[in-house]
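Asker:
Number of protein chains: 2
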Amino acid sequence: MTQHFAQRMQAVQPSAIGELLALGADPSILSFGGGYPDASLFPVAQLETVFREAIRQPGGSALQYAPSDGLPRLREQIADLMRADGTPCRAQDVLILQGSQQGLDFAARMLVDPGDVIVTEDPTFLGALIAFNPSQPRYAAVPIDNDGMQMDGLEAALQANPRARMIYTVPDFQNPTGVTLALPRRKRLMELANAHDVIVLEDTPYRHIRFTGESLPTLKSMDTDGRVIHLGSFSKVLVPALRIGWAVAAPALLDRMGLLKVAADTQTSTLNMAATSLFLDRYDLGAHIALLRQAYRAKKDVMLDAIRQHFPQEVTVTDPAGGLFTWATFPEGFDATAFMRDVALPIARVAYVPGASFFPVTQRANHARINYSAATEDQIRQGIAALGAALKSHPFP
Amino acid sequence: MTQHFAQRMQAVQPSAIGELLALGADPSILSFGGGYPDASLFPVAQLETVFREAIRQPGGSALQYAPSDGLPRLREQIADLMRADGTPCRAQDVLILQGSQQGLDFAARMLVDPGDVIVTEDPTFLGALIAFNPSQPRYAAVPIDNDGMQMDGLEAALQANPRARMIYTVPDFQNPTGVTLALPRRKRLMELANAHDVIVLEDTPYRHIRFTGESLPTLKSMDTDGRVIHLGSFSKVLVPALRIGWAVAAPALLDRMGLLKVAADTQTSTLNMAATSLFLDRYDLGAHIALLRQAYRAKKDVMLDAIRQHFPQEVTVTDPAGGLFTWATFPEGFDATAFMRDVALPIARVAYVPGASFFPVTQRANHARINYSAATEDQIRQGIAALGAALKSHPFP
């Protein structure tokens, strides 16, 4: 250990996410904490087929090194998916990433110097804050409501922060709240980004898990100036274990992300890229997603019904039109972290994610993110009932 | 595109590696350029078995998210391999990485501020320079000979550079030269690192591909002060496509690398970790490596025989005791980059990697890295004969 290192390491703050992830490891705890998809819906037989086929490809090509930008065929297929979703995209506009998380890391490294400002939703995705923090940004957190980020708040944040470099948003079924950015706000967000000359980082892991209504256009599809970096992922619509995500961006941005990809890890797994590509060729991803939508909508309904039945009246939750999470708001003065530690875990045997760490600037303790995708409907009923009983037995302050 | 971005991007330099990789893509060119293992030796049937088994694991556990540090069983198995190789190691000392390349990136991000000095071999691994460059280091490049880095040169570099933060070395069958750091120099390197209080980054992708003699102790096994970050990889001994590497380091260093892992990409592919773990449980990695050693030694001998037969007398090459590369030195004034562009590619239809880009400080044009692992023995004979004829038909300056 060097003295220099010891000093330098004070700049890298440990985070709560490791401890949160560890909570899910105790099999006697029912966890609504993670963002895990339902493993019973994984397309196991199809994956077995495409992995066997990829491993057996002539010349061992799926077992060898591959171009750092990603397998050309997979980039084509992703461009096809993007266009089918209404976003102009060519294969060369796609960079394959190690999950979309890698795009968060690259964007911050590319765009943010210490003290620069990243504008986020308030609250926002904790994993994004973890990716951004090593670049030592300041944050401007914009309040949200049921239609997503509030545009007067965004405008004020951009005016107050000339060093704003990037607006980070999860426009569809946001993590942690489940809310979706309304169409007029999408248009206004792009106007403001253009006017203030900032990059927009659009993160869409849940976009295709929609329960009701029609998809809204991506911000990338409204991008007239090459300033949107769009991130996508197969983690929620196929399986998380492949770690296949992607960025779509203007050439000048994508080229630089490609250089960071070479530097960061050379490439994403060739085998996983090849198997994903074969899956898209052989099977109907849209049909699989339709199954997921149906199943997760049913679970969401079960969870919200159970919450209405068992939680104290003072607790409100969002009713997301898609995605994996609902967001609970408890009365002021309630500490969701302390309640989890003292009551929910030891007595109700149920975990959620306390909301405080999702707030980049001013942490608010009276929230929780509750996941409905991972547990069975029976587990949801039982767990929410136990959590509700625990809440009722500990009156709010 | 923002004005800020346009300015900032001037700090990220494009590199030649993309163009070099592209050379291997023309199927009519015989490439000695890449560091590809021999695909005909991939354990295809075994991989098919372990991937099927992993995909079918109960509860879809190998298809789900996993701890960001890596699957616990695989960390145990890697610790076992490290101890069998003479390096003290426990499971909790192992962090699974997206290839050892990710460890190069993390080390620089953790330890190096702009203007800090990284000490390297001269020449050194190009991929390491690509990983280090975004941290904007200065380099001190230490001359090497057939026993690896010269210790008087290292001592002088450390004395001249009080901002030296890290010594980067590939001690076994170095990339690009194939030379191995002799035992007395390993001891001296650790003495100097201790005396000057710098981190040692030990990169060992080729360590187990040894043709003759006994393994030398790792630098990590000589580390009395927790200052060696040891990087290992399955890319050369199993298949590159899995992208499974690892770091072994003292807890304070490994914890911080673990935080960077969460930020960078959350985790390495669960499925690839699970399949690798099953491979290590079911099959004999040591026996597979013994096959690789035999095959690559034979190819190395074929290449060196062909070079002696066909190259002009003025060209010298290293005779590596392991690994994938030999390093050619041409007479002063010879430009290996120009010769490849003007003669080797269009006339001989053969590629190598021109040596200039492996030098971090002062590029020397009269070198080439030549790989013998990827091509067949017949291709090696034919390609070296063609390259030799081309060299002889273009007299040295």
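So the protein sequences, as listed, match chains A and B. Numbering of the first sequence is given in the numbering used here, commencing with residue 2 and proceeding in unit increments. Numbering of the second sequence is given in the numbering used here, commencing with residue 2 and proceeding in unit increments. Cβ atoms here follow ideal geometry from the backbone N, Cα and C, with glycine treated the same way. Keep in mind it's a predicted model, so treat the numbers as computed, not measured.
#1: Residue ranges of each alpha helix (DSSP H) run of no fewer than 4 residues wholly in the region 279-342 of chain B, ordered along the chain?
#2: Is Gly128(A) near Ile97(A), with beta carbons less than 7 Å apart?
#3: Is it right to say Val362(B) is buried, meaning 16 or more other beta carbons lie within 10 angstroms of its own, or is it exposed?
#4: State the CB to CB distance for the pair Phe360(B) and Asp123(B), rounded to an integer number of angstroms; the pair is presumed to be in contact (CB under 8 Å).
#5: For a contact defined as C-beta to C-beta under 7 Å, what are the partners of Gln99(B) on chain A?
#6: Within 7 Å (strictly less), CB to CB, does Ser270(B) reach chain D?
#7: May I have the straight-line CA-CA distance separating Pro241(B) from Leu305(B), to the nearest angstrom?
#8: Sorted by chain position, which residues of the same chain lie with C-beta nearer than 7 Å to Asp39(A)'s C-beta, five sequence neighbours on each side aside?
#9: Comparing C-alpha positions only, which one of Leu232(B), Met341(B), Asp266(B) and Val318(B) sits nearest to Asp94(B)?
#10: Are at least three pairs of beta-carbons, each pair with one atom in the region 333-344 of chain B and one in the region 111-118 of chain B, less than 8 Å apart?
#11: DSSP three-state label for Gln14(B), please.
#12: Tell me the DSSP secondary structure of Thr121(A) in three-state form.
#13: Thinking just about the alpha-carbon of each residue, which of Glu77(B), Lys301(B), Phe33(B) and Val45(B) is nearest to the one in Ile210(B)?
#14: Answer yes or no: does any C-beta atom of chain A fall closer than 7 Å to that of Leu48(B)?
#15: Using a Cβ-Cβ cutoff of less than 6 Å, which residues in the same chain neighbour Val351(B) once the five nearest sequence positions on both sides are dropped?
#16: Just the Cα atoms here: how many angstroms apart are Ile168(B) and Leu272(B)?
#17: Is the CB-CB distance between Arg53(B) and Glu49(A) below 7 Å?
#18: Gln99(B) lies in the alpha helix (DSSP H); which residues open and close that run?
#19: Is there a Cβ of chain A sitting closer than 7 Å to that of Arg1(B), yes or no?
#20: Would Leu325(B) and Gly34(B) qualify as a contact pair, given that the criterion is a beta-carbon distance under 7 Å?
#21: State yes or no: is the C-beta of Leu217(B) within less than 7 Å of the C-beta of Leu190(B)?
#22: By the criterion of Cβ-Cβ separation under 8 Å, what are the contact partners of Gln241(B) in chain A?
#23: Helix, strand or coil for His231(A), going by three-state DSSP, please let me know.
#24: Can you tell me where the alpha helix (DSSP H) holding Thr88(A) begins and where it ends?
#25: Indicate whether Ala165(B) and Val118(B) have their beta-carbon atoms separated by less than 7 Å.
#26: If the cut is a Cβ gap below 8 Å, which residues of chain B does Ile56(A) touch?
#27: Terminal residues of the continuous alpha helix (DSSP H) containing Ala46(B)?
#28: For the alpha helix (DSSP H) containing Gly128(A), list its first residue and its last residue.
#29: Going by the CB atoms, is the gap between Asn162(B) and Ala194(B) shorter than 7 Å?
#30: Taking C-alpha atoms, which residue in Asp266(B), Phe397(B), Ser101(B) and Arg309(B) lies nearest to Tyr66(B)?
#31: Under 7 Å Cβ-Cβ, which residues of chain B neighbour Ile131(A)?
#32: Note down, in chain order, all residues in the region 323-335 of chain A with a beta-carbon under 7 Å from any beta-carbon belonging to chain B.
#33: Indicate whether at least one CB of chain A lies closer than 7 Å to the CB of Asp106(B).
#34: What separation, rounded to the nearest whole angstrom, lies between the Cα atoms of Ala307(B) and Pro347(B)?
#35: Let me confirm a value: Arg370(B) is counted as buried when at least 16 other C-beta atoms fall within 10 Å, else exposed. Which label applies?
#36: Can you give the Cα-Cα distance for Ala85(A) and Ala357(B), rounded to whole angstroms?
Answerer: This is what the structure holds:
#1: Whole alpha helix (DSSP H) segments, 4+ residues: 286-311 and 337-340.
#2: Position 127 of the first sequence, counted from the first residue, corresponds to residue 128(A). Position 96 of the first sequence, counted from the first residue, corresponds to residue 97(A). No, the pair does not count as a contact, with Cβ atoms beyond the cut-off.
#3: As a working mapping, residue 362(B) is identified with position 361 in the second sequence. By the neighbour-count rule (16 or more Cβ atoms within 10 Å), Val362(B) is not buried but exposed.
#4: Against the second sequence, residue 360(B) aligns to sequence position 359. Against the second sequence, residue 123(B) aligns to sequence position 122. Contact flag correct, Cβ pair sits at about 6 Å.
#5: The residue you call residue 99(B) lines up with position 98 of the second sequence. What Gln99(B) touches in chain A: Gln99 and Asp266.
#6: In the structure shown, chain D cannot be found, because the protein chains are A and B.
#7: Here residue 241(B) refers to the residue found at position 240 of the second sequence. Here residue 305(B) refers to the residue found at position 304 of the second sequence. Rounded to whole angstroms, Pro241(B) to Leu305(B) spans 26 Å at the Cα level.
#8: Counted from its first residue, the first sequence places residue 39(A) at position 38. By the criterion of a C-beta distance shorter than 7 Å, Asp39(A) is surrounded in its chain by Ala296, Ser374 and Ala375, once the five residues flanking it on both sides are discounted.
#9: As a first step, residue 94(B) is located in the second sequence; it is residue number 93 there, counting from the start. Considering only Leu232(B), Met341(B), Asp266(B) and Val318(B), the residue with the shortest C-alpha distance to Asp94(B) is Leu232(B).
#10: Cβ pair count under 8 Å is below three, so no.
#11: Looking up residue 14(B) in the second sequence gives position 13. Any answer about Gln14(B) is weak, because its pLDDT of 41 lies below 50 and its placement is not dependable; what the coordinates show is given next. Coil, per DSSP.
#12: As a first step, residue 121(A) must be located in the first sequence, where it is residue number 120. In this structure, Thr121(A) counts as strand in the three-state DSSP scheme.
#13: Here the question's residue 210(B) lines up with position 209 in the second sequence. Ranking the options by Cα distance to Ile210(B), first place goes to Lys301(B).
#14: In the second sequence, counting from the first residue as 1, residue 48(B) sits at position 47. With 7 Å as the cut-off, Leu48(B) counts as an interface residue toward chain A.
#15: Within the second sequence, the letter at position 350 stands for residue 351(B). Same-chain partners within the cutoff: Leu31, Ala345, Gly384, Ala387 and Leu388.
#16: Locating residue 168(B) in the second sequence gives position 167, counting from the first residue. Locating residue 272(B) in the second sequence gives position 271, counting from the first residue. So the alpha carbons of these two residues sit roughly 34 Å apart.
#17: Position 52 of the second sequence holds residue 53(B). Position 48 of the first sequence holds residue 49(A). Cβ atoms of Arg53(B) and Glu49(A): closer than 7 Å.
#18: Translated into positions along the second sequence, residue 99(B) becomes position 98. It is not in any alpha helix (DSSP H) - Gln99(B) instead sits in the beta strand (DSSP E) that spans Val95 to Gln99.
#19: No information on residue 1(B) is available, as it lies outside the stretch 2 to 398 that chain B covers here.
#20: Position 324 of the second sequence holds residue 325(B). Position 33 of the second sequence holds residue 34(B). Not closer than 7 Å, so no.
#21: Within the second sequence, the letter at position 216 stands for residue 217(B). Within the second sequence, the letter at position 189 stands for residue 190(B). Not a contact, by the Cβ cut-off of 7 Å.
#22: Taking the first residue of the second sequence as 1, we reach residue 241(B) at position 240. Strictly speaking, residue 241(B) in this sequence is Pro, with Gln absent from that position. The contacting residues are Leu64, Gln65, Tyr66 and Thr271.
#23: Indexing the first sequence from 1 puts residue 231(A) at position 230. Three-state DSSP puts His231(A) in a strand.
#24: Locating residue 88(A) in the first sequence gives position 87, counting from the first residue. Per DSSP, Thr88(A) lies in no alpha helix (DSSP H) segment and is marked neither H nor E.
#25: Against the second sequence, residue 165(B) aligns to sequence position 164. Against the second sequence, residue 118(B) aligns to sequence position 117. Against a cut-off of 7 Å, the Cβ pair of Val118(B) and Ala165(B) comes out as a contact.
#26: Residue numbering aside, residue 56(A) sits at position 55 when the first sequence is read from its first letter. By Cβ distance, chain B contributes Val45, Leu48, Glu49 and Phe52.
#27: Reading the second sequence from its first residue, position 45 is the one you call residue 46(B). Bounds of the alpha helix (DSSP H) holding Ala46(B) are Val45 to Ile56.
#28: Counting from one through the first sequence, the residue named residue 128(A) turns up at place 127. Leu127 to Phe133 is the span of the alpha helix (DSSP H), which, as asked, contains Gly128(A).
#29: Sequence index remark: in the second sequence, residue 194(B) carries index 193 (1-based). Sequence index remark: in the second sequence, residue 162(B) carries index 161 (1-based). Taking 7 Å as the cut-off, the beta carbon of Ala194(B) is found no closer than this to the beta carbon of Asn162(B).
#30: For this step, residue 66(B) is matched to residue 65 along the second sequence. Closest by C-alpha distance to Tyr66(B), out of Asp266(B), Phe397(B), Ser101(B) and Arg309(B), is Asp266(B).
#31: Walking along the first sequence from the start, residue 131(A) turns up at place 130. Result: Val263 and Ala264.
#32: Near chain B, meaning a CB-to-CB distance below 7 Å, no residue of the region 323-335 of chain A qualifies.
#33: For this step, residue 106(B) is matched to residue 105 along the second sequence. Taking a beta-carbon distance threshold of 7 Å, Asp106(B) counts as an interface residue toward chain A.
#34: Here residue 307(B) refers to the residue found at position 306 when the second sequence is read from its first residue. Here residue 347(B) refers to the residue found at position 346 when the second sequence is read from its first residue. Their backbone Cα atoms lie some 21 Å apart in a straight line.
#35: Counting from 1 along the second sequence, the entry for residue 370(B) is found at position 369. With 16 or more other Cβ atoms within 10 Å, it is buried.
#36: Position 84 of the first sequence holds residue 85(A). Position 356 of the second sequence holds residue 357(B). The straight-line gap from Cα to Cα measures roughly 45 Å.
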